[in-house]
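If you count the sequence shown from 1, you need to add 482 to reach this note's numbering.
Even for Gly, the Cβ is constructed at its ideal location relative to N, Cα and C.
These figures come from a predicted structure and were not determined experimentally.
This report concerns only the one structure given below.
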Amino acid sequence: MVPVSNIPSVEGLQALAAKYQRLTALRARRDADGAPATRDELRALAAEFPGCLRELDTLGPAELTRRTAACVAVAAGADPEPWMAWIDGYHTLMRRALAARRGRARGSARQTDGDFEQAVLSPPGGRMSVVVLRALALRFGVPAATIAATLFPVRRPSPYGF
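Following this line, the structure appears as structure tokens:
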């Protein structure tokens with residue numbers, strides 16, 4: 483069972499369900515050789531849920547649909563699955579990582595609030611997601627490789643070393 487403190491709020495679960503509905507629709511369009519997603523559609527989705535385009539690429543239609551239904555069920559009172567807290571945390575940390583990078587790009591003199599922000603400014607192999615996944619591993623007490631494999635199942639060997 484997932485600790486209560488790690489469960490996304492009902493609003494958070496509803497937002498995740500809506501995200502997965504949008505991803506499912508985009509994936510269905512793509513798989514049916516329909517109109518490709520527009521740059522604006524993808525940018526808006528990625529701005530709201532950083533990293534979700536990776537889900538679009540790695541999760542099939544069945545898993546996207548399953549995740550939508552699971553989020554709706556938990557928002558209605560069902561037991562949560564661990565990946566829900568992980569993906570919610572992933573989006574939150576990725577927003578922080580991107581904000582830190584934007585601050586540096588602007589030459590901001592803003593003081594970073596810790597090791598996480600410093601780590602994303604010089605991530606291993608240039609991959610911010612490695613820093614995010616390692617931070618999630620510390621927060622949840624689960625290996626980063628397990629979280630990565632659950633959230634973003636790889637179709638080929640991962641370039642990330644944990």
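When the Cα atoms are used, what is the spatial distance from I489 to F531?
In the sequence shown, the residue the question calls residue 489 occupies position 7. In the sequence shown, the residue the question calls residue 531 occupies position 49. Going by the C-alpha atoms only, they are around 17 angstroms apart.
Ignoring anything shorter than 4 residues or poking outside the segment 578 to 639, list the alpha helix (DSSP H) runs there in chain order.
597 to 603, 610 to 622, 626 to 633
Alpha carbon to alpha carbon, what distance is there between A560 and E545?
As a position in the sequence shown, residue 545 is number 63, starting the count at 1. As a position in the sequence shown, residue 560 is number 78, starting the count at 1. Taking the straight line joining both Cα atoms gives about 18 angstroms.
To the nearest whole angstrom, what separates the beta carbons of C553 and A499, a pair I think is in contact under 8 angstroms?
On the sequence shown, residue 553 is found 71 positions in, with the first residue counted as 1. On the sequence shown, residue 499 is found 17 positions in, with the first residue counted as 1. The pair is a contact, with the Cβ atoms about 4 angstroms apart (cut-off 8 angstroms).
Quick one: what's got a C-beta closer than 7 angstroms to V614's C-beta in the same chain, skipping five residues either side?
By 1-based counting over the sequence shown, the position of residue 614 is 132. These residues qualify, in order along the chain: Y572, L575, M576, A579.
Does E537 pass the burial test, meaning 16 or more other C-beta atoms within 10 Å, or should it be called exposed?
By 1-based counting over the sequence shown, the position of residue 537 is 55. Buried, by the Cβ-count rule.
Look up L538 in the DSSP assignment and say whether it is helix, strand or coil.
Counting from one through the sequence shown, the residue named residue 538 turns up at place 56. Here L538 sits in helix by DSSP.
Give the secondary structure of G559 by DSSP, where H, G and I count as helix, E and B as strand, and everything else as coil.
As a working mapping, residue 559 is identified with position 77 in the sequence shown. The answer is coil: DSSP assigns G559 none of H, G, I, E or B.
Would you mind stating whether T540 and P635 have Cβ atoms separated by less than 8 angstroms?
For the purposes of this step, residue 540 is taken as residue 58 along the sequence shown, with counting starting at 1. For the purposes of this step, residue 635 is taken as residue 153 along the sequence shown, with counting starting at 1. Against a cut-off of 8 angstroms, the Cβ pair of P635 and T540 comes out as a contact.
Among Q503, F622, L633, which one has its Cα closest to the Cα of T550?
Against the sequence shown, residue 550 aligns to sequence position 68. Among Q503, F622, L633, the Cα nearest to that of T550 belongs to Q503.
Limits of the unbroken alpha helix (DSSP H) element including T506:
The sequence position of residue 506 within the sequence shown is 24, counting from 1. It spans 492 to 513 - the alpha helix (DSSP H) in which T506 sits, taken as one unbroken run.
Can you give me the Cβ contacts of A510 inside the same chain, cut-off strictly under 8 angstroms, excluding the 5 residues immediately before and after it?
Within the sequence shown, numbered from 1, the residue matching residue 510 stands at position 28. For A510, where only same-chain residues beyond five positions count, the Cβ hits under 8 angstroms are G516, P543.
Spatial distance of P605 from L495 (CA atoms)
Reading the sequence shown from its first residue, position 123 is the one you call residue 605. Reading the sequence shown from its first residue, position 13 is the one you call residue 495. Those two C-alpha atoms are separated by around 29 angstroms.
For A591 and A619, what's the separation of their Cα atoms in angstroms?
Along the sequence shown, one-based indexing puts residue 591 at 109. Along the sequence shown, one-based indexing puts residue 619 at 137. With a pLDDT of 47 at A591, under the threshold of 50, the modelled position of this residue cannot be trusted; read the value that follows with caution. Roughly 30 angstroms between the two C-alpha positions.
Alpha helix (DSSP H) containing A526: first to last residue?
Sequence index remark: in the sequence shown, residue 526 carries index 44 (1-based). Start and end: 521 to 530.
Looking only at its own chain, which residues have a Cβ that is under 7 angstroms from the Cβ of P518, when we skip the five neighbours before and after it?
In the sequence shown, residue 518 corresponds to position 36, counting from 1. Closer than 7 angstroms at the Cβ level, and outside the excluded window around P518, lie R512.
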